[in-house]
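Every number in my numbering is 476 more than the matching position in the sequence shown, counting from 1. To keep things clear, I will list the structure first and then write my remarks on it.
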Amino acid sequence: MVEAVQDAGVVVTGAGGGIGAALARRFAAAGARVVVNDLDADRAEAVADEIGGIAVPGDASTTVAAARDALGGTVDIYCANAGLGSGGSEAAPEDVWARAWDVNVMAHVRAAHALLPGWLERGAGRFVSTVSAAGLLTMIGAAPYSVTKHGAYAFAEWLSLTYRHRGLKVHAICPQGVRTDMLTATGSAGDLVLRPTAIEPEEVADALFEGIEEDRFLILPHPEVAGRYRLRATDPDRWLSRMNHLQHTWETNR
Numbered sequence: 477m478v479e480a481v482q483d484a485g486v487v488v489t490g491a492g493g494g495i496g497a498a499l500a501r502r503f504a505a506a507g508a509r510v511v512v513n514d515l516d517a518d519r520a521e522a523v524a525d526e527i528g529g530i531a532v533p534g535d536a537s538t539t540v541a542a543a544r545d546a547l548g549g550t551v552d553i554y555c556a557n558a559g560l561g562s563g564g565s566e567a568a569p570e571d572v573w574a575r576a577w578d579v580n581v582m583a584h585v586r587a588a589h590a591l592l593p594g595w596l597e598r599g600a601g602r603f604v605s606t607v608s609a610a611g612l613l614t615m616i617g618a619a620p621y622s623v624t625k626h627g628a629y630a631f632a633e634w635l636s637l638t639y640r641h642r643g644l645k646v647h648a649i650c651p652q653g654v655r656t657d658m659l660t661a662t663g664s665a666g667d668l669v670l671r672p673t674a675i676e677p678e679e680v681a682d683a684l685f686e687g688i689e690e691d692r693f694l695i696l697p698h699p700e701v702a703g704r705y706r707l708r709a710t711d712p713d714r715w716l717s718r719m720n721h722l723q724h725t726w727e728t729n730r
């Protein structure tokens, strides 16, 4: 694992805080050269200054070229971490759906499109997708988030099955609640479903590094997600009944 990270050129999007900042710090501590990307330039600069990295602020969808230049021409590891926790139902405005799709899915697609030619040519590259347990399961009160995180997971899975024999390594990180601003923004739904078992962002970074060391695709910082994912696959009606019970509890008590 040290060899995979030592002196690697790493890009972390959405790294001005939360999981992204924790990933950036962990990669830097392991000897990587880290580009810190965030829409908020001040936050990107602050994290980059802290870890001895390089701030490349801006939209995650268009950061590959600038990040590659900042790293001297080569990106070895790309962490597609920036995301939107968009709440709402089927009635959420179309611009909310569009923005969630653009940030949570298409930013990953655009990054892969820009990176894959070089990675496939040299037979090596690592794509890390911060998905969410909502991408394996779902999240009450957040249709745009749940649906697009399913898309992010599906794209990471597709990348892995399509290119792993050509040297591409893909990791999909799927935590439940993590103590970040995004958790706070989930409101009462997050208080019910996520906050009781919420972990620190640093624990997500630890889980990723364990996954890199073991060369695992699916990274579950909350191990209990595996059992829920198994139930969803093997007994979907029972799983849906349990989730509907949570939904009803939330509606009754909010």
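For every residue, glycine included, the Cβ atom is placed at its ideal position computed from N, Cα and C. Note that the structure is predicted; figures quoted are calculated from it, not measured.
Could you pull the start and end residues of the beta strand (DSSP E) that residue i belongs to?
i	result
Ile649	644-649
Val512	509-512
Gly666	Taken as a continuous stretch (DSSP letters only), Gly666 belongs to no beta strand (DSSP E), being part of the alpha helix (DSSP H) at 663-669.
Gly485	485-488
So, under 8 Å CB-CB, residue i and residue j are touching, yes? Tell me the CB distance rounded to an integer number of Å.
i	j	result
Asp535	Leu515	7 Å
Leu547	Val511	6 Å
Thr673	His698	6 Å
Asp583	Ser636	Contrary to the premise, residue 583 reads as Ala rather than Asp in this sequence. Not a contact, Cβ separation roughly 18 Å.
Ala588	Gln652	The Cβ separation is near 26 Å, so there is no contact.
Ala531	Glu521	5 Å
Ala574	Val607	That pair is no contact at about 20 Å.
Phe631	Val581	6 Å
Along the chain, where does the alpha helix (DSSP H) that runs through residue i open and close?
i	result
Ala681	677-690
Ala556	Unbroken run through Ala556 is the beta strand (DSSP E), 553-556; no alpha helix (DSSP H).
Gly601	Element bounds for Gly601: not the alpha helix (DSSP H) but the beta strand (DSSP E), 601-606.
Gln723	712-729
Leu596	583-598
Phe631	619-639
Glu570	570-577
Val532	Premise fails: Val532 is in no alpha helix (DSSP H) and is neither H nor E.
Asp545	540-546
Leu560	Neither: Leu560 is in no alpha helix (DSSP H) and is coded neither H nor E.
Leu696	From DSSP, Leu696 is part of no alpha helix (DSSP H); its letter is neither H nor E.
Arg655	Segment: none, Arg655 is in no alpha helix (DSSP H) and carries neither H nor E.
Smallest Cα separation from residue i: which of the options?
i	options	result
Tyr554	Phe603, Pro620, Asp691	Phe603
Thr539	Arg586, Trp573, Asp518, Glu521	Arg586
Val488	Gln482, Ala508, Glu479	Ala508
Leu694	Tyr621, Ala531, Ser605, Leu592	Ser605
Gly549	Trp595, Arg575, Ala522, Arg730	Trp595
Leu722	Ser664, Gly703, Val646	Ser664
Asp571	Ala556, Met582, Pro620, Ala609	Pro620
Ala683	Arg718, Ala610, Ile649, Thr673	Ile649
Asp518	His724, Gly490, Val607	Gly490
Ala568	Val623, Leu696, Ala505	Val623
Asn729	Pro712, Met719, Arg718, Leu668	Leu668
Val579	Leu592, Thr662, Ala556	Ala556
Thr725	Leu696, Asp711, Gly666	Gly666
Could you tell me the alpha carbon to alpha carbon distance between residue i and residue j, rounded to whole angstroms?
i	j	result
Asn676	Gly485	With the sequence shown as reference, residue 676 is identified as Glu, and Asn is not the correct amino acid for it. Computed Cα separation, rounded: 25 Å.
Gly703	Thr638	27 Å
Arg544	Val551	6 Å
Lys625	Gly611	4 Å
Ala590	Ala576	21 Å
Val481	Pro533	23 Å
Arg714	Tyr705	12 Å
Arg671	Arg718	18 Å
Arg692	Glu633	12 Å
Asp483	Ala600	15 Å
Glu566	Leu592	34 Å
Leu716	Val701	15 Å
Glu479	Glu727	50 Å
### Query
Is it true that the stretch 490-503 meets the stretch 654-665, where meeting means three or more beta-carbon pairs spaced less than 8 Å apart?
yes
#### Entry: Inter-stretch contact at 8 Å, needing at least 3 Cβ pairs: the stretch 497-509 / the stretch 520-531
yes
### Task
Mind the definition here: the stretch 555-575 touches the stretch 609-620 only if three or more C-beta pairs lie below 8 Å; say whether that holds.
Using a C-beta cut-off of 8 Å, the stretch 555-575 makes contact with the stretch 609-620, since at least three inter-stretch Cβ pairs fall below that distance.
### Message
Would you call the stretch 680-694 in contact with the stretch 645-652, where contact means no fewer than 3 C-beta pairs closer than 8 Å?
### Response
yes
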